[in-house]
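Per this note's numbering, the very first residue in the sequence shown carries number 6; after that it's consecutive.
We put the CB at the ideal spot given by N, CA and C, even for glycine.
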Amino acid sequence: MEIIVANPAGFCFGVRRAVKTAEKMASLRPEVNTLGPLIHNRPELERLAELGIRQVEAVEEATAGTLIIRTHGIGPRELARAREKGLEVADATCPYVLRLQRKAREWAAAGWQVVLVGEMNHPETKGVMAWCEGKAEVIAGAEEARKLPFLPRRAVLAQTTQTQEGYAEVIAALRERTGETRVEDTICLATRKRQEATKQLAAETDVVLVVGGKNSANTGHLADIGRDAGRSVHLIERGREIEIGWFSEKDKVGITAGASTPAWIIKEVCMKMEEIKEQLEQSGEGAEAAAEPPAGGEGAPADIADPAGEANGTEGEAPVAAEGTGEDAAPGADEAELMEESVNYIDTFISFRPGQVVAGKVIQVGPEGVLVDVGYKSEGIIPLRELSHRFVENPEDVVRAGDEINVRILSINPEEGTLRLSRRQVLEGEAWERLQKSRAAGEILEVTILEAVKGGLVADVGLRAFIPASHVDVGFANHLEEYVGKPLRVKVLELERNKRRAILSRKVVLEEERNAARERIMGEVEEGAVLRGRVKSLTSFGAFIDLGGLDGLLHISEMSWGRVMHPSEVLQPGQEIEVIILRLDRDKDKISLGMKQILPNPWEKISAKYPEGAIVRGKVARLVSFGAFVELEPGVDGLVHISHLSRHRVQKPEEVVQPGDTVYVQVIKVDAEGRRINLSMRGIEQPAKGAAKNKREAESEAAADVPAETGWESPDETTGEGETADVPSAAGYFSNDEGSVEAK
Ligand code: F3S
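This is the structure we're talking about:
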């Protein structure tokens, strides 16, 4: 006798997943309930009961522990009631049913009249109706469809156990009663495949054993298929029910089972049949096939020992994509894949809770937020403010559809089946960890400044951190807004995660660098060394020069051989210059710098250049109460004492000259060492006021103004102002120590 097992036979994907969920929860939790019978198979329910799994008929009956939702699913209000009671909900709704629920809710919310083809009182139908707030019409078949009134728009869905043929007939009928029809194929092929397998089995065998619950409609349907094929059919729940007399003079026996029949019962039946086969062979019946092992595909007894091994690789194929929509969120076609998804999915039941961080895939990026698939029954939404710690104007600047990201579950709304998610909190969590590590290691971080606020700067470190104004620089930072958008190198000063307080300091970094530079410079450099530096800041008395981490002071008097009223006349912040170290005070860490010392010194050959008696041209630099200083060349000023401004008595210098005037002066005395030159204008003819507008004009005017009787020569054009001219001796013109003022 040959024994053949239908392929597929037994548990479908959804039922197997629900049973695994129950088993897993029973192994983890002391109190586990199922809302209604988990499956239509009495022996399997008894086995689950032995694991401690109890059955309740309503949410209200469960007082504590875990509540498992069976494959048919329930409505959002019932789910909410369960959670409000404090029950842990393990939602084992079949993914095919979840998809149906989601479609019904979306279309009803979008204003479509939803039509659900199915059985009015089936739990799956009731659950789907609840997800669209009862707005769907439920019809059993094409006949009812033809009686519906004409509507401009209908969206059609099918209960997962409907047949393709019946559904197609309903759709055709509805199209005649509807302006615009939207259709989604939500039928699961698991039942149909078992029916087809049974039909084929009946065609090949003499006797068909249908294994399953005697109160199961699906099992009854499989038995009918066998009988319709003219076979002897026996519907059994357990192997022990099999009688040897059923197989007298039968060559081939077929075994089939519905989607609610567990593998262990099919295996039990197969083993019983092996026994019977042996008995028949010993009694002389069925000897011809005695050597034959049980036939069939992967559903043969040896394979059935592993419940996962009964998969045939084709069952549970994804439903056909939605007509016109192109959407299909149904599970994949491959059962192995589905099983893997299933295991992961079961794991999520246990820990899907607010506060949990889960991985997800960005489905859609919109102006209000970002939809993310995290494996929940519907996509979760990240509101814009939860996308980033930064202000987000365009969410596409932050994430794109298809991106895989981690998110934290903020809240679950079971009534609407929605999740609120936060990407910001995940990134901030990672940032806190980075900051903690960085602080422990004393690392320098590079941060970007987001904004200047009262009292400091806000920096981006994956979260908003604060740099107090007193820690922005070594000195006080006045213009904080200048730092916005710029990178700064900082160290972590304080961290208090529970208060969301992260304080950074740039000053600490600068001080450390400065100390290192100070040690290096103080150790290596001597007075007289010439270094390159960068002008860091200007003050009224000089400039601070950054020598590579250590600042030196370049006093205003050391900038130029000439008179400098303000350092900005000579230097600009950021300018690179060469300086000489004038003094090093290693005890006080002070460096005094000079710049003019490495420039040519105009006083070196001053006596030869400006011999006493020479008449030269210069420019009035400034007036003082006792006379006027005249610049002969940059860095060389001489004094015309008030008594030498004119032959006449002068009360105030401004009666004769004004700053900026070009004048001719006679050199009276030169003190090169003391850097003093005494000059005189007495008796020397001057150019007309306001006539010399520029150097060239002045020079041509000077040439024209030279009095013929003195024999003056105009200054050499190539040497410019202050060049000497041969003049008659003016010795004795002026000798007054009162006018001996340092000419710088
Ligand atoms: Fe799901 Fe289809 Fe089974 S809808 S529960 S896989 S019959």
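Item, Value
"Check whether the Cβ atoms of Gly-263 and Gly-231 lie closer than 9 angstroms to each other.", "no"
"Count the other C-beta atoms from every protein chain shown that fall within 10 angstroms of the C-beta of Gln-671, then say buried if there are 16 or more, exposed otherwise.", "buried"
"Just the Cα atoms here: how many angstroms apart are His-646 and Met-564?", "27 angstroms"
"Does the distance from the CB of Ala-521 to the CB of Leu-552 come in under 9 angstroms?", "no"
"Among the residues of its own chain, which have a CB less than 7 angstroms from the CB of Val-4, if the five just before and after it don't count?", "Any answer about residue 4 is impossible in this case: the structure gives the chain only from 6 up to 749."
"Do His-239 and Gln-200 have their C-beta atoms within less than 9 angstroms of each other?", "no"
"Run through the DSSP bridge pairs and tell me what Phe-481 is partnered with.", "According to DSSP, Phe-481 bridges with nothing at all."
"Please say whether Val-540 and Phe-546 have beta carbons closer to each other than 9 angstroms?", "no"
"Look at the Cβ atom of Glu-398, then the Cβ atom of Gln-430, and state whether they are nearer than 9 angstroms.", "no"
"Taking the DSSP output, what are the residues bridged to Tyr-669?", "Arg-622"
"Our contact map puts Ala-95 next to Thr-130 with C-beta atoms below 8 angstroms; I'd like the distance itself, whole angstroms only.", "Actually they do not touch by this definition, with Cβ atoms about 22 angstroms apart."
"Suppose the cutoff is 7 angstroms on Cβ atoms and the five residues either side in sequence are ignored; what does the same chain contact list for Val-625 look like?", "Ala-633, Val-635, Val-662, Gln-663, Pro-664, Gly-665, Asp-666 and Val-668"
"Mapping the DSSP letters down to three states, classify Asp-408 as helix, strand or coil.", "coil"
"Which residue marks the beginning of the alpha helix (DSSP H) containing Gln-118, and which one marks its end?", "Here Gln-118 belongs to no alpha helix (DSSP H); instead the beta strand (DSSP E) covers 118-122."
"According to DSSP, what are the bridge partners of Ser-685?", "Gln-671"
"Report the CB separation of Leu-500 from Leu-440 in whole angstroms; it is logged as a contact under 8 angstroms.", "6 angstroms"
"I'd like the span of the beta strand (DSSP E) that includes His-653, first residue to last.", "From DSSP, His-653 is part of no beta strand (DSSP E); its letter is neither H nor E."
"Would you grab the beta carbon distance between Gly-460 and Ala-474 for me? Rounded to a whole angstrom, and I think it's under 8 angstroms.", "6 angstroms"
"Give the range of the alpha helix (DSSP H) segment to which Pro-100 is assigned.", "100-114"
"Give the secondary structure of Glu-384 by DSSP, where H, G and I count as helix, E and B as strand, and everything else as coil.", "coil"
"Pick out whichever of Ile-410, His-394, Leu-424 and Glu-448 has its Cα sitting closest to the Cα of Arg-505.", "His-394"
"What does the alpha-carbon distance come out to for the pair Thr-191 and Ala-163?", "6 angstroms"
"Nearest CA to the CA of Arg-182: which residue from Ala-150, Ala-207 and Trp-566?", "Ala-150"
"Specify which residues have a beta carbon nearer than 7 angstroms to any heavy atom of ligand 1, listing them in chain order.", "Cys-17, Phe-18, Gly-19, Val-20, Thr-76, Cys-99, Tyr-101, Val-102, Thr-165, Thr-166, Cys-193, Ala-195, Thr-196, Ala-264 and Gly-321"
"Let's test the definition: count the other Cβ atoms within 10 Å of the Cβ of Asp-556 and tell me whether it reaches 16, buried, or not, exposed.", "buried"
"Return the residue from the list Lys-496, Gly-132 and Arg-652 that minimises the CA-CA distance to Ala-446.", "Lys-496"
"Would you mind giving the Cβ-Cβ distance between Gly-168 and Arg-197, rounded to the nearest angstrom? I have them listed as a contact below 8 angstroms.", "The sequence as given places Thr at residue 168; Gly does not occur at that position. Right, the Cβ-Cβ distance comes to about 7 angstroms (below 8 angstroms), so this counts as a contact."
"Report yes if the C-beta distance between Leu-40 and Val-10 is below 9 angstroms; otherwise report no.", "no"
"Taking Cβ to Cβ, would you say Arg-525 is nearer than 9 angstroms to Gly-554?", "yes"
"Please look up how many angstroms separate the CB atoms of Ala-1 and Val-102, rounded, as I've assumed it's under 8 angstroms.", "No information on residue 1 is available, as it lies outside the stretch 6 to 749 that the chain covers here."
"In angstroms with no decimal places, state the Cα-to-Cα distance between Gly-367 and Val-412.", "Position check: residue 367 holds Val in this sequence, whereas Gly was assumed. The alpha-carbon atoms of Val-367 and Val-412 are separated by roughly 11 angstroms."
"Between Ser-265, Glu-254, Glu-49 and Arg-568, which lies nearest to Glu-286 when the distance is taken from Cα to Cα?", "Glu-254"
"Opposite Leu-40 in the DSSP bridges: which residues?", "Val-61"
"On a CA-only basis, which of Ile-611, Ala-534, Pro-607 and Ile-582 is nearest Arg-588? Give me that one, please.", "Ala-534"
"Which same chain residues, not among the five before or five after Arg-59, have their C-beta less than 6 angstroms away from its C-beta?", "Asn-38"
"What span of residues does the beta strand (DSSP E) with Thr-183 cover, start to end?", "183-188"
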